[in-house]
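Visitor:
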Amino acid sequence: MVVHAADIQDADGLGDLLRRVKPLYNWLRTMFADSIYNRLDALLTCFLFGLTLVIVRRAAGSTGFVVQPRRWVVERSLGWLGRWRRLSRDYEKLPEVSEAMVTLAMIRLMLHRLVHPPRKRLPTHGRRNGLRRPPC
Numbered sequence: 170m171v172v173h174a175a176d177i178q179d180a181d182g183l184g185d186l187l188r189r190v191k192p193l194y195n196w197l198r199t200m201f202a203d204s205i206y207n208r209l210d211a212l213l214t215c216f217l218f219g220l221t222l223v224i225v226r227r228a229a230g231s232t233g234f235v236v237q238p239r240r241w242v243v244e245r246s247l248g249w250l251g252r253w254r255r256l257s258r259d260y261e262k263l264p265e266v267s268e269a270m271v272t273l274a275m276i277r278l279m280l281h282r283l284v285h286p287p288r289k290r291l292p293t294h295g296r297r298n299g300l301r302r303p304p305c
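Residue numbering for the sequence shown follows my numbering, starting at 170 and increasing by one per position.
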């Protein structure tokens with residue numbers, strides 16, 4: 170993850186991101202992105218790092234909200250981060266502090282999931298979920 174100043178477009182910061190990420194995840198071969206990355210410099214940057222850039226587009230003729238392939242992963246993650254009070258707004262002055270806050274939020278989320286793994290729930294009986302009571 171890389172946090173830039175507000176005057177830097179996401180696609181312009183792609184080189185900085187890949188310089189950090191590619192050495193850590195050298196097995197990475199494909200990158201999914203939205204249409205803002207459909208620029209020659211972004212395509213060239215991905216090519217130089219040995220990545221295939223896949224632009225996720227809206228379905229032709231769709232109107233209103235439509236779940237886009239692979240995009241829901243990003244939106245879900247941003248939603249999780251938005252629950253962290255310190256990340257609900259941009260309170261930080263330095264990008265490095267913002268990066269640290271996002272890292273702490275994700276560490277907390279992962280630790281919580283390790284301590285409280287999802288449990289299989291027994292089906293509930295009764296009228297709350299619209300089911301009839303089982304016969305006695």
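For glycine and all other residues, C-beta sits at the position ideal for the given N, C-alpha and C. From a predicted model like this one, the values you see are computed outputs, not experimental measurements.
Starting from Leu-222, trace the alpha helix (DSSP H) in both directions and tell me its first and last residue.
Guide: No alpha helix (DSSP H) contains Leu-222, which is instead part of the beta strand (DSSP E) from 221-224.
Visitor: May I ask you to list the residues that DSSP assigns as paired with Thr-199?
Guide: In the DSSP output, where bridge partners are listed per residue, Thr-199 has Thr-221.
Visitor: Here's a check: name, in chain order, each residue in its chain whose Cβ is nearer than 6 angstroms to the Cβ of Lys-191, leaving out the five neighbours to either side.
Guide: Once the five neighbours on either side are set aside, the close Cβ partners of Lys-191 are Phe-218.
Visitor: When you compare the CB positions of Leu-250 and Ala-274, do they come within less than 8 angstroms of one another, or not?
Guide: Cβ distance < 8 angstroms, so Leu-250 and Ala-274 count as in contact.
Visitor: Under the rule that 16 or more other beta-carbon atoms within 10 Å means buried, what is His-294, buried or exposed?
Guide: Residue placement at His-294 is poorly supported in this model, since its pLDDT is 49, which falls under 50; the coordinates still yield a value, given next. Exposed, because fewer than 16 other Cβ atoms sit within 10 Å of the Cβ of His-294.
Visitor: Have a look at Val-284 and Tyr-260 and give me their C-alpha separation to the nearest angstrom.
Guide: Looking at the two C-alpha atoms, the distance is approximately 30 angstroms.
Visitor: Helix, strand or coil for Leu-291 per DSSP?
Guide: Summary for Leu-291: the model assigns pLDDT 49, below 50, so the residue's position carries little reliability, and this model does not support an answer.
Visitor: If we ignore side chains and look at the alpha-carbon of each, how far apart do Arg-189 and Pro-286 end up?
Guide: Each residue's alpha carbon lies about 30 angstroms from the other.
Visitor: Mind checking Leu-187: buried by the 16 CB within 10 Å criterion, or exposed?
Guide: Leu-187 should be labelled buried.
Visitor: Threshold first: 4 residues or longer. Then list the alpha helix (DSSP H) segments lying entirely within the segment 228-275, N to C.
Guide: Complete alpha helix (DSSP H) runs here, min 4: 240-251.
Visitor: So is Thr-214 buried or exposed if we call it buried at 16+ other beta carbons inside 10 Å?
Guide: By the 10 Å Cβ count, Thr-214 comes out buried.
Visitor: Take the Cβ of Tyr-206 as the centre, count every other Cβ of all protein chains shown within 10 Å, and call the residue buried at 16 or more, exposed below.
Guide: Result: buried.
Visitor: Report the rounded CA-to-CA distance for Trp-196 versus Ala-228, giving the unit in angstroms.
Guide: If you take the alpha carbons of Trp-196 and Ala-228, they lie about 30 angstroms apart.
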